[in-house]
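Residues in the sequence shown are numbered from 1 upward in steps of one, following the working numbering. Think of the CB as a built atom: it goes at the ideal place given N, C-alpha and C, for glycine as much as any other residue.
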Amino acid sequence: MECKVYPSDAEHIAEAGRIIAEGGVVGFPTETVYGLGADALSEAAVYKIFEAKDRPPDNPLIVHILDADDLSLVIDGEVPEYAKWLMDAYWPGPLTMIFPKAQCVPLAVTAGLSTVAVRVPAHPVARSLIKAAGTPIAAPSANRSGRPSPTTAAHVFQDMNGRIPMILDGGPCKVGLESTVVDATGDMPRILRPGGVTPEMIRGVTGAVEVDKSVLQPLALGEKPRSPGTKYQHYAPKGKLTIVRGAPEDMINTLCALYDRALQDGQSVAILAMGSHRNLYGNRMVRELGGDGADEMAAELFAALREMDDRGVTRILAEAVEAQGMGLAVMNRLSRAAAFDIIDAKGSDWS
Ligand code: TXA
Ligand code: MG
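Written out as structure tokens, the structure reads:
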């Protein structure tokens, strides 16, 4: 199947909507990452998503709707008060919430679970596409399983050429990491996957929030995850990735020492660092993750990991960032990409 990348103008959005209405799959932009969309109410259409991604069938999808008024199309029962507050505050936006599912949502979407993940995207192309399709759209990130999520149409093409007919190009994604996933089936919101809506932002609205321990820790052997997606090692680059954390000066000294050693060992090495630290690495190979701060790192992280593979980098060394605000989402994705290989920088005499 030849895959075409089109500008996201009205004509091509209408065509993409038609493809979805007829049971097909298209790639499309959202404010977080690109999605692979199909009719959420058609089991046959949803299977095509799993096939295109090589996604394990026990990993459920997110259903995208236009606004909270459409929730009753896909969920069942009462919405807790705190979830209403969160919708008012952060929908449309990078927030997904989990509720008991309506009967009409196929079990293929929820991977057999009785709950469904729902999101109201903010990106105008995603919104127009939901309208054009005339149905809720089930969409995971548009990468092949195990690859970093795509943040440009070119990334989607890399992974999906030959597998889907069409990609809408909406330029690079603003947030760069997938939406925050919040379990809204309990007494209190519980973050299963951190993203653009931070724990601080949620607590600010609801007064309380729990962060699932799987967010920054690997699952223990045999432990069952609350969010099935978290058990898979996501975003694994081909090169070996290590994260170094510590006070900036110690962190940078340690990264330099590790870099020099890997270079001596004949490796192709690169450092992922904040742009504001660039000069402190001398002439070492640095891939800047934005200028400064976790938001900018988030927007660049997945593109940088893809670049590492494309350039054949065998040893990747990354700066840690404080696991606060957007930094929690950055550290969640980075830790998984590194298979939790995280080391503490020692004092500057470390060698
Ligand atoms: O930003 C995003 O959320 C993007 C764009 C396209 O909207 N989508 C996305 O989908 O990241 P995906 O499939 O890559 O991630 C969905 C996550 C997985 O970790 C999955 O396990 C979790 O949501 N999930 C979905 N339904 C769930 C449910 N019923 N209970 C618990 N976790 C669920
Ligand atoms: Mg994904």
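| Quick one: does the C-beta of SER335 sit closer than 7 Å to a heavy atom of ligand 1? | no
| query | THR96 lies in the beta strand (DSSP E); which residues open and close that run? | reply | 95-100
| said: Using a Cβ-Cβ cutoff of less than 6 Å, which residues in the same chain neighbour ILE49 once the five nearest sequence positions on both sides are dropped? | reply: VAL25, LEU36 and ALA38
| Which class does LYS4 belong to by DSSP, given the choice of helix, strand or coil? | strand
| message | Just verifying my parser: in three-state terms, what is the DSSP assignment at ILE65? | response | coil
| task | Have a look at ARG315, ALA339, GLU296 and LEU305 and flag the residue whose alpha-carbon is nearest the alpha-carbon of GLY325. | result | GLU296
| message | Using a Cβ-based criterion (distance less than 7 Å to any ligand heavy atom), does GLU178 qualify as near ligand 2? | response | yes
| query | By Cβ distance, which residues of its chain are closer than 7 Å to MET308, with the 5 residues on each side in sequence left out? | reply | PRO237, GLY239, ALA270 and ILE316
| query | Measuring CA to CA, which of ASP67, THR185 and ILE164 is closest to PRO124? | reply | ASP67
| Chain-order list of residues whose beta-carbon lies under 8 Å from that of ALA10 (same chain, five-residue window excluded) | SER128
| Other residues of its chain near ALA52: CB distance less than 7 Å, five sequence neighbours each side excluded | VAL25, LEU36, MET160, ARG163 and ILE164
| So is the beta-carbon of SER214 under 7 Å away from any non-hydrogen atom of ligand 3? | You won't find ligand 3 in this model; what it holds is ligand 1 and ligand 2.
| request: Just list the beta strand (DSSP E) runs in the stretch 239-302, keeping only unbroken ones of 3 residues or longer that don't cross its boundaries, in chain order. | output: 240-245, 269-273 and 286-288
| Is PRO140 near ligand 2, going by C-beta to nearest heavy atom under 7 Å? | yes
| query | Count the other CB atoms within 10 Å of the CB of LEU177; is the residue buried (16 or more) or exposed (fewer)? | reply | buried
| message | Quick test of the definition: if touching needs 3 or more C-beta pairs under 8 Å, does the stretch 3-19 touch the stretch 129-140? | response | yes
| Three-way DSSP call (helix, strand, coil) for VAL26 in this model | strand
| message | Looking at the strands, I want to know which residues DSSP matches up with SER141. | response | GLY35
| Hey, is THR32 close to ligand 1, as in C-beta under 7 Å from one of its heavy atoms? | yes
| task | Count the CB pairs spanning the stretch 39-46 and the stretch 140-150 that are closer than 8 Å, and state whether there are at least three. | result | no
| For ALA299, the nearest candidate out of HIS277, ARG333 and GLY282 (CA to CA) | ARG333
| task | For GLY327, count neighbouring C-beta atoms within 10 Å of its own C-beta (all shown protein chains included) and say buried if the count is 16 or more, exposed if not. | result | buried
| Near PRO100, which residues of its chain fall below 7 Å by C-beta distance, leaving aside the five closest residues on each side in sequence? | ILE75, ASP76, GLY77, SER114, THR115 and THR185
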